[in-house]
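Input: a single structure, listed below in C-alpha cells.
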Amino acid sequence: MKETYSRTKSVWQRMNKTEQKAVMTYGEAYKNFLDVARTERLATEEIIRQAEAKGFRPVYSKKTLKAGDKVYWNQKGKSVILAVIGKEPVHNGIKIVGSHIDSPRLDLKANPIHEQGGAVYARTHYYGGVKKYQWACIPLALIGLIFTKDGKKVDIQLGMKEDDPIFYISDLLPHMAQDQMKKSLAEGITGEQLQALVGLHAKDGETPCEAIMKLLKDTYGIEEEDFATAELELVPAMKSRDVGFDRSMIASYGQDDRACSFANLHAILNAKPGVKTQAALLTDKEEIGSYGNTGMESSYFVKFVMKLLALQKTPGLLEFYETMENSEMLSADVNACYDPMFPEVSEKDNASLMGFGVNLTKYGGSRGKAGSNDANAEFLQKVRHIFNAAGVCWQIGELGKVDQGGGGTIAFMMANWGAEVVDCGASMISMHAPYDLISKADVYETYLAYKAFFESK
Ligand code: MN
Ligand code: MN
Numbered sequence: 000m001k002e003t004y005s006r007t008k009s010v011w012q013r014m015n016k017t018e019q020k021a022v023m024t025y026g027e028a029y030k031n032f033l034d035v036a037r038t039e040r041l042a043t044e045e046i047i048r049q050a051e052a053k054g055f056r057p058v059y060s061k062k063t064l065k066a067g068d069k070v071y072w073n074q075k076g077k078s079v080i081l082a083v084i085g086k087e088p089v090h091n092g093i094k095i096v097g098s099h100i101d102s103p104r105l106d107l108k109a110n111p112i113h114e115q116g117g118a119v120y121a122r123t124h125y126y127g128g129v130k131k132y133q134w135a136c137i138p139l140a141l142i143g144l145i146f147t148k149d150g151k152k153v154d155i156q157l158g159m160k161e162d163d164p165i166f167y168i169s170d171l172l173p174h175m176a177q178d179q180m181k182k183s184l185a186e187g188i189t190g191e192q193l194q195a196l197v198g199l200h201a202k203d204g205e206t207p208c209e210a211i212m213k214l215l216k217d218t219y220g221i222e223e224e225d226f227a228t229a230e231l232e233l234v235p236a237m238k239s240r241d242v243g244f245d246r247s248m249i250a251s252y253g254q255d256d257r258a259c260s261f262a263n264l265h266a267i268l269n270a271k272p273g274v275k276t277q278a279a280l281l282t283d284k285e286e287i288g289s290y291g292n293t294g295m296e297s298s299y300f301v302k303f304v305m306k307l308l309a310l311q312k313t314p315g316l317l318e319f320y321e322t323m324e325n326s327e328m329l330s331a332d333v334n335a336c337y338d339p340m341f342p343e344v345s346e347k348d349n350a351s352l353m354g355f356g357v358n359l360t361k362y363g364g365s366r367g368k369a370g371s372n373d374a375n376a377e378f379l380q381k382v383r384h385i386f387n388a389a390g391v392c393w394q395i396g397e398l399g400k401v402d403q404g405g406g407g408t409i410a411f412m413m414a415n416w417g418a419e420v421v422d423c424g425a426s427m428i429s430m431h432a433p434y435d436l437i438s439k440a441d442v443y444e445t446y447l448a449y450k451a452f453f454e455s456k
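Residue numbers (numbering that gives the first Met the number 0): 0 to 456.
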C-alpha cells in the first residue's frame with residue numbers, strides 16, 4: 000500500500016515508474032491548458048469545448064435528468080458549472096469541486112489611450128492582488144473584447160502568438176534609480192505607472208495617438224470611444240515552461256487557479272459516474288472577492304442546483320437547502336508552500352512542502368482565523384479516508400505563520416448554504432506573480448484527489 004502522507008518522502012520518491020510517467024504526461028496537457036485558457040473567458044471556452052467533446056450538454060436543453068447525464072451551465076461566458084448526474088437523486092447531495100478561473104492581471108481603464116513624451120500608452124487598473132513592480136519589463140498580451148459604436152463585437156487576442164507584438168511596461172535603469180531604490184517594494188512602481196507602451200510611429204503632421212487610433216480603426220474598426228465599453232486585459236505573454244534539469248516543475252502565468260481548475264476539469268471528465276451527482280464549479284471573480292454576477296456571491300450556482308432539482312421533480316428553495324446540507328465540497332484553490340528562500344514567513348511544520356502532494360487547508364483567514372471556513376473534523380476525516388483509500392498523496396498546510404499570512408477562498412460561501420467544505424488544492428511558489436511556479440507531482444496528485452472525491456460515496 001502506497002504511503003499517502005509523509006513529510007520526509009516526496010511524492011516522486013513514493014511513485015513507481017508508471018505513476019511518474021503519468022505525472023509528466025499530465026504536465027503536458029496542463030501546460031497546454033495554461034497557454035490556451037489565459038483569461039476567464041478563454042478558460043470558459045476551452046472548458047466547454049473539452050466538456051462537449053465528452054458529451055456534456057447545456058442544462059436547459061434537457062427535459063428530464065437521469066443517472067449518467069452530463070450537463071453544463073455557461074454563466075455569461077466567464078464561469079462554468081459541469082455536472083454528472085448520480086444514481087441517487089440530486090436532492091441526496093452533490094459532490095462539488097469548486098475552483099476559480101480568473102487570475103491577477105492588468106485591466107485597461109475606460110479611457111486608456113494617451114500620449115506622453117511622443118509615445119502612446121494604455122493606462123491600466125490592476126485586478127486582484129499584485130506586487131506592482133513585478134509587472135514591468137515583461138511581455139504582455141492584450142486579450143478581451145471591444146464593441147464598435149454600431150454594436151459589432153471585436154475579439155482582441157494579441158501577444159500570445161510567436162510573431163505577435165507584445166505590450167510593455169517600463170522600469171527605471173539602475174543607473175538612474177538611486178531614489179527609486181530607496182522606496183519600499185510597494186511604492187517602487189505605482190498603480191498609475193502601470194501603463195503599457197502601445198505605439199510610437201506617426202506620419203508627418205499626425206500625432207502618435209492619432210496614428211495609433213487610425214491603425215486601430217483600419218485593423219479592427221474601433222474608435223477611441225469604444226474603449227469606454229470594452230473589457231480588455233493585459234496578461235503575461237510568456238508561455239508555460241518546464242523548470243529544472245529534471246523538468247519537475249512548471250512556470251507559467253495564472254496557475255492560481257488554473258492549477259486546480261484544470262485538475263477539476265480533468266477529474267470530472269475522467270471520473271466514473273458516482274452514486275452522488277458530481278459538479279465541477281469553475282467560477283470567475285474570486286480574486287476580487289467573488290462579487291459580480293459571474294462570481295460565487297451571485298446566484299448562478301443556486302439557480303443551477305435548483306434547475307437540476309426541478310428537472311428531477313423536486314423543485315423548491317427548501318429542497319435547495321436540503322440538497323446543500325447533504326452536499327460536500329472541496330474548495331479547490333492553491334495554497335503557498337514553504338519557500339526555503341523566505342523561511343521566515345512560514346511555520347515549517349504546518350506549511351505544505353513543494354512536491355509532497357495535494358494540500359488540505361483546514362482553515363484560512365487571518366489574525367485568529369478571521370474570515371475562515373474552518374472545516375469540521377468529521378468531514379476532514381472523511382476526505383482523508385477517501386484520499387488514503389485511493390492512494391492520493393496529500394499533506395496539510397496553512398497560509399503562512401499565525402500573524403503573518405492569511406487569505407480567503409470561495410469555501411465559506413458554500414458553507415453558508417450548509418455544505419461540508421474544506422480547502423484542498425496544489426501549493427505553489429510565487430503565487431500571484433506574472434510567472435508563478437508549481438510542482439508537476441503536486442498538480443497531478445490534485446487531479447487524483449478531485450477524481451477520488453467525485454467517485455466517493
Ligand atoms: Mn489568488
Ligand atoms: Mn486562488
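For every residue, glycine included, the Cβ atom is placed at its ideal position computed from N, Cα and C.
Since the structure is predicted, the reported quantities are computational estimates derived from the model, not experimental observations.
query: Please find out if some non-hydrogen atom of ligand 2 comes closer than 7 Å to the beta-carbon of E39.; result: no
query: Run through DSSP, which three-state label would E230 get?; result: strand
query: Leaving out the 5 sequence neighbours to the left and right, which residues in its chain are closer than 6 Å to A350 when beta-carbon positions are compared?; result: Y337, G396
query: Should the segment 38-49 be called in touch with the segment 85-103, which here means at least 3 C-beta pairs below 8 Å?; result: yes
query: Just mark E327 as buried or exposed, buried being the case when its beta carbon has 16 or more other beta carbons within 10 Å.; result: buried
query: Under three-state DSSP, which class holds Y71?; result: strand
query: Considering only heavy atoms of ligand 1, does any lie closer than 7 Å to the CB of H90?; result: no
query: Could you give the first and the last residue of the continuous beta strand (DSSP E) run that contains N110?; result: 104-115
query: When you compare only the Cα positions, how much space is there between V382 and F452?; result: 7 Å
query: Please list the segments of the alpha helix (DSSP H) lying wholly inside the segment 301-355, counting only runs of 4 or more residues, in order along the chain.; result: 316-324
query: Relative to the alpha-carbon of V304, which residue among P164, A279, S260 has its alpha-carbon at the smallest distance?; result: A279
query: Under 8 Å by Cβ, that's how I've got V442 and A236 pegged, so tell me the actual separation to the nearest angstrom.; result: That belief does not hold up - the Cβ atoms of V442 and A236 are roughly 22 Å apart, past 8 Å.
query: According to DSSP, what are the bridge partners of P235?; result: L139
query: For S60, count neighbouring C-beta atoms within 10 Å of its own C-beta (all shown protein chains included) and say buried if the count is 16 or more, exposed if not.; result: exposed
query: Can you find the residues in the same chain that come closer than 6 Å, C-beta to C-beta, to A389, ignoring five residues on each side of it along the sequence?; result: A451
query: Determine whether the beta carbon atoms of A331 and Y446 lie at a separation below 8 Å.; result: no
query: Do the segment 142-151 and the segment 166-186 touch if we need at least three Cβ pairs shorter than 8 Å?; result: no
query: Kindly indicate which three-state DSSP category H200 falls into: helix, strand or coil?; result: coil
query: Which of the three DSSP states, helix, strand or coil, is assigned to N375?; result: coil
query: Just checking D68 against ligand 1 - is the residue's beta carbon closer than 7 Å to any of the ligand's heavy atoms?; result: no
query: Using 7 Å as the cut-off, classify the Cβ of D255 as near or not near the heavy atoms of ligand 1, replying yes or no.; result: yes
query: Take every Cβ of the segment 205-225, pair it with every Cβ of the segment 141-148, and state whether three or more of those distances are shorter than 8 Å.; result: yes
query: When DSSP labels each residue in this structure, what does K94 get in the three-state scheme?; result: strand
query: In whole angstroms, what separates the C-alpha of A270 from that of Q380?; result: 22 Å
query: Can you find a heavy atom of ligand 2 that lies under 7 Å from the Cβ of D283?; result: no
query: I'd like to confirm the pairing. Which residues does DSSP put opposite A279 in its beta bridges?; result: L81, V96
query: Expressed to the nearest angstrom, what Euclidean distance is found between the alpha-carbon atoms of H124 and F341?; result: 29 Å
query: Would you please state the rounded distance, in angstroms, between the beta carbons of I165 and P138? I believe it to be under 8 Å.; result: 4 Å
query: Among all the DSSP beta bridges, which residues are the ones paired with I249?; result: D241, I437
query: Leaving out five residues on either side along the sequence, give the residues of the same chain with a beta carbon under 7 Å from the beta carbon of E296.; result: S289, Y290, M412
query: Within 10 Å of its beta-carbon, does C136 have 16 or more other beta-carbons around it, so buried, or fewer, so exposed?; result: exposed
query: Leaving out five residues on either side along the sequence, give the residues of the same chain with a beta carbon under 8 Å from the beta carbon of K213.; result: E205
query: What is the rounded straight-line gap between the Cα of T282 and the Cα of A376?; result: 27 Å
query: So, is M353 buried or exposed, given that buried needs 16 or more other C-beta atoms within 10 angstroms?; result: buried
query: Using CA atoms only, rank isn't needed, just tell me which of F378, S247, F226 is closest to K456.; result: F378
query: Looking only at C-alpha atoms, which of E454, A374, G417 sits nearest to C423?; result: A374
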